[in-house]
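S.K.:
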Amino acid sequence: MIELDASQQLARELICRERFACVTGGAGTGKTTTLKTALDDLDARGERYMLASPTGKAAKRMTEATGRPARTIHRLLGWQSGGFTYGKKNPLPTSLVVIDEASMLDIELAASLFEAIDPAATRLVLMGDANQLPPVGPGCVFGDLVGSGTVPVATLTKLHRAAEQSWMNVAAMAVLRREMPDIETERADFRFYEVDEATEILPKLAELVTMIIPREIDAETQILIPQRTGPAGIDKANAALQMALNPPRPDEPWIKQGDEQLRIGDRVIQVKNDYTLEVFNGEVGEIVDVRGGKALVAFPDRSPVEYSLEQARALRLAYGLTVHKVQGSEFAWVVFVCHSTHTHMLTPQLIYTAITRGKKGVILVGNVKGLRQGLRADNPPKRNTGLVERLRGEL
Numbered sequence: 129m130i131e132l133d134a135s136q137q138l139a140r141e142l143i144c145r146e147r148f149a150c151v152t153g154g155a156g157t158g159k160t161t162t163l164k165t166a167l168d169d170l171d172a173r174g175e176r177y178m179l180a181s182p183t184g185k186a187a188k189r190m191t192e193a194t195g196r197p198a199r200t201i202h203r204l205l206g207w208q209s210g211g212f213t214y215g216k217k218n219p220l221p222t223s224l225v226v227i228d229e230a231s232m233l234d235i236e237l238a239a240s241l242f243e244a245i246d247p248a249a250t251r252l253v254l255m256g257d258a259n260q261l262p263p264v265g266p267g268c269v270f271g272d273l274v275g276s277g278t279v280p281v282a283t284l285t286k287l288h289r290a291a292e293q294s295w296m297n298v299a300a301m302a303v304l305r306r307e308m309p310d311i312e313t314e315r316a317d318f319r320f321y322e323v324d325e326a327t328e329i330l331p332k333l334a335e336l337v338t339m340i341i342p343r344e345i346d347a348e349t350q351i352l353i354p355q356r357t358g359p360a361g362i363d364k365a366n367a368a369l370q371m372a373l374n375p376p377r378p379d380e381p382w383i384k385q386g387d388e389q390l391r392i393g394d395r396v397i398q399v400k401n402d403y404t405l406e407v408f409n410g411e412v413g414e415i416v417d418v419r420g421g422k423a424l425v426a427f428p429d430r431s432p433v434e435y436s437l438e439q440a441r442a443l444r445l446a447y448g449l450t451v452h453k454v455q456g457s458e459f460a461w462v463v464f465v466c467h468s469t470h471t472h473m474l475t476p477q478l479i480y481t482a483i484t485r486g487k488k489g490v491i492l493v494g495n496v497k498g499l500r501q502g503l504r505a506d507n508p509p510k511r512n513t514g515l516v517e518r519l520r521g522e523l
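For the sequence shown, the working numbering begins at 129 and goes up steadily by one.
And the structure:
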């Protein structure tokens, strides 16, 4: 018998009862356990529900966590060339829709989702972490809803027993309090490599991915970097990591993409929605073939996708990614570059989002100065969305 704390019990009741509600909480606070318990209740009473998330990776994780099928919001709404199948005139045929990683919802996707909900027949629950970065697109729908005081909200804050043993979970809570996490104690799920000079960061990353990680960690790992430019930015990091992990081979075909050379074996990311290919912004895959002016890219849990040269313009190297690009994703290990050279990008919100992407462990590369400056920084300016004022009837 699963025992829920008071905040989890409230969230369970909201999921099972409310017409519209939000459930928010950080890693280790039991959102998945709460959702699974609520879905068991719904199954027992025969209620139909649909589960979805903004990205394919998040939807896959939702499926694994709940044991029920989940899909992307685009597939939930039945995307076809020219628009969505489900909308105001053809609402979703279910009594409940649950959206995970709702902090990634921008205004446009949220509007399409809301239009497909018949309020007389279908309930809607949004779940996510309101402390994460706002979506890449316009708006801050989930954060605005949670903070508006106009909709039922359950906030999970208690770290549970297993989570209390995780450096990532404990450090994340410290970051939210703007306190320095423990980076001195040696742990199985955390390492800190101090690098004072920004020019030494890329050699350290190359050493990590070619020697230390394969030998000592041997798990899915993603490098996260706050900004694109500079001596330790994404652009230079991807070039250096590609050379370390996938150098050019004689007579092997490749695709020219701006300043990048995309090769067979490269990790790549889709940087805009392509509704024809049904590949969406933020999906990460691997180039498995290049022939006849086309590239074949393998994405998780689907057949490889064939790109024309024109379509391949939306692909970029993904050995290193910005924190914004990995919202809604998790990786076995995260290598997070946190250095004072990135001061103008570092905020508690960004640091929190970065370290909570790791499932098994986190590696920090950088300096104490950068971490301290990031914890003292102001969060990004509040987005002027007008949603809260509309909900409160002030507009």
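Cβ coordinates follow ideal geometry from the N, Cα and C atoms, glycine included.
(1) Take the Cβ of Ser431 as the centre, count every other Cβ of all protein chains shown within 10 Å, and call the residue buried at 16 or more, exposed below.
(2) By the three-class DSSP mapping on this structure, what secondary structure does Cys466 have?
(3) Look up Glu335 in the DSSP assignment and say whether it is helix, strand or coil.
(4) Note down, in chain order, each residue of its chain lying with its Cβ closer than 7 Å to the Cβ of Thr481, except the 5 sequence neighbours on either side.
(5) Would you kindly work out how many angstroms separate the C-alpha atoms of Ile415 and Gln208, rounded to a whole number?
(6) Less than 8 Å between the CB atoms is what I'm expecting for Asn512 and Tyr447, so what's the real figure, rounded?
(7) Here's the rule: buried if 16 or more other CB atoms are within 10 angstroms of the residue's CB, otherwise exposed. What is Arg77?
(8) Do Thr222 and Met255 come within 8 Å of each other at the CB atom, strictly closer than that value?
(9) Would you mind giving the Cβ-Cβ distance between Glu458 and Arg485, rounded to the nearest angstrom? I have them listed as a contact below 8 Å.
(10) Roughly how many whole angstroms lie between the Cα atoms of Val337 and Ile362?
(11) Can you give me the C-alpha to C-alpha distance between Lys488 and Phe464, rounded to a whole angstrom?
(12) Buried or exposed: which applies to Glu411, given that a residue is buried once 16 or more other Cβ atoms fall within 10 Å of its Cβ?
(13) What span of residues does the beta strand (DSSP E) with Tyr321 cover, start to end?
(14) Going by beta-carbon coordinates alone, are Ser181 and Ile227 separated by less than 8 Å?
(15) Could you give the first and the last residue of the continuous alpha helix (DSSP H) run that contains Gln477?
(16) How is the alpha helix (DSSP H) around Ala187 delimited, first residue to last?
(17) Look at the Cβ atom of Ser231, then the Cβ atom of Ala258, and state whether they are nearer than 8 Å.
(18) Going by C-alpha distance, which of Leu443, Ala299, Gly195 and Thr160 is nearest Gln385?
(19) Where Ser294 and Pro376 are concerned, what is the direct C-alpha to C-alpha distance, given to the nearest angstrom?
(20) Please report the Cβ distance between Leu159 and Thr194, rounded to the nearest whole angstrom; I am assuming they are in contact, meaning their Cβ atoms lie under 8 Å.
(21) By the three-class DSSP mapping on this structure, what secondary structure does Ile415 have?
(22) Can you give the Cα-Cα distance for Glu141 and Glu229, rounded to whole angstroms?
(23) Tell me which residues share the same chain as Ala423 and place their Cβ nearer than 6 Å to its Cβ, disregarding the 5 neighbours each side in the sequence.
(24) Helix, strand or coil: how does DSSP classify Met296 here?
(25) Who are Gly211's beta bridge partners in DSSP?
(26) For Glu438, which of Asp402, Met473 and Lys453 has the nearest alpha-carbon?
(27) For a test of the three-state rule: what should DSSP assign to Leu304, helix, strand or coil?
(28) Taking Pro378 as the reference, which of Arg391, Gln370, Ala368 and Val298 has the closest Cα?
(29) So, are the CB atoms of Gly498 and Leu474 less than 8 Å apart?
(30) Taking buried to mean at least 16 other C-beta atoms within 10 Å of its own C-beta, is Gly271 buried or exposed?
(31) Do you know whose CA, among Val225, Leu224, Gly210 and Leu205, lies nearest Asn218's CA?
(32) If we count the other Cβ atoms within 10 Å of its Cβ and call it buried at 16 or more, is Pro263 buried or exposed?
(33) To the nearest angstrom, report how far apart Thr278 and Phe148 are at their CA atoms.
(34) What residue range is occupied by the uninterrupted beta strand (DSSP E) comprising Lys487?
(35) Rank His202, Leu224, Glu131 and Ala248 by C-alpha distance to the C-alpha of Ala238 and give the top, closest one.
(36) Relative to the C-alpha of Ile397, which residue among Phe427, Val493, Gln389 and Asp417 is closest?
M.R.: Quick answer:
(1) exposed
(2) strand
(3) helix
(4) Gln260, Leu261, Val451 and Gln455
(5) Taking C-alpha positions only, Ile415 is separated from Gln208 by approximately 25 Å.
(6) The beta-carbon separation of Asn512 and Tyr447, rounded to 35 Å, does not stay under the 8 Å limit for a contact.
(7) In the structure displayed, the chain extends from 129 to 523; residue 77 sits before or after that span and is not available.
(8) Result no, Cβ atoms of Met255 and Thr222 do not sit closer than 8 Å.
(9) 6 Å between Cβ atoms; contact.
(10) 15 Å
(11) 14 Å
(12) buried
(13) Phe318 to Glu322
(14) yes
(15) For Gln477, the enclosing alpha helix (DSSP H) covers residues Pro476 to Ile483.
(16) Gly184 to Thr194
(17) yes
(18) Leu443
(19) Those two C-alpha atoms are separated by around 39 Å.
(20) The amino acid at residue 159 is misidentified as Leu; the sequence shows Lys. Approximately 11 Å separates the beta-carbon atoms of Lys159 and Thr194; this is outside 8 Å, ruling out the contact.
(21) Strand.
(22) 19 Å
(23) Ile383, Ile415, Tyr435 and Ala440
(24) helix
(25) Gln208
(26) In this structure, Asp402 is the residue among Asp402, Met473 and Lys453 with its C-alpha nearest to the C-alpha of Glu438.
(27) helix
(28) Pro378 has its Cα closest to that of Arg391, out of Arg391, Gln370, Ala368 and Val298.
(29) Against a cut-off of 8 Å, the Cβ pair of Leu474 and Gly498 comes out as a contact.
(30) buried
(31) Leu205
(32) buried
(33) 11 Å
(34) Gly486 to Gly494
(35) Ranked by Cα distance from Ala238, the options His202, Leu224, Glu131 and Ala248 are led by His202.
(36) Phe427
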